[in-house]
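Q: Numbering (this note's numbering), first residue to last: 21 to 110.
Backbone N, C-alpha and C fix where the C-beta goes; we use that ideal spot for every residue, glycine too.
1. For residue 100, tell me which candidate among 64, 54, 77, 92 has the shortest Cα-Cα distance.
2. To the nearest whole angstrom, what separates the beta carbons of residue 65 and residue 51, a pair I think is in contact under 8 Å?
3. Could you tell me how far apart the beta carbons of residue 70 and residue 49 are, in whole angstroms, since I believe they sit closer than 8 Å?
4. Entirely within the region 25-72 and at least 4 residues each: give me those alpha helix (DSSP H) ranges in chain order.
5. Would the beta-carbon of residue 36 fall within 8 Å of that of residue 29?
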């Protein structure tokens, strides 16, 4: 299993979860855990995904998710689990 952390933040609009999940499914990425909240019209989602069966490189997936975020008006970041864990350990 190769875990990646995906975060999505921005103004809430219809279809954010659908667009992100469709991208992941189309690229062989399995969602292991997901949490999302909306606070005063601001959308925040964090996902832990397994990218082991994805044919995309981490860099390509991160770039494509960033572009998808720009299309739908949110910021999408994609980080490898080991880097995310080390950054938040302090």
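A: Here's the rundown:
1. 77
2. Going by Cβ atoms, the distance from residue 65 to residue 51 rounds to 11 Å, so no, they are not a contact pair.
3. 7 Å
4. 36-46
5. no
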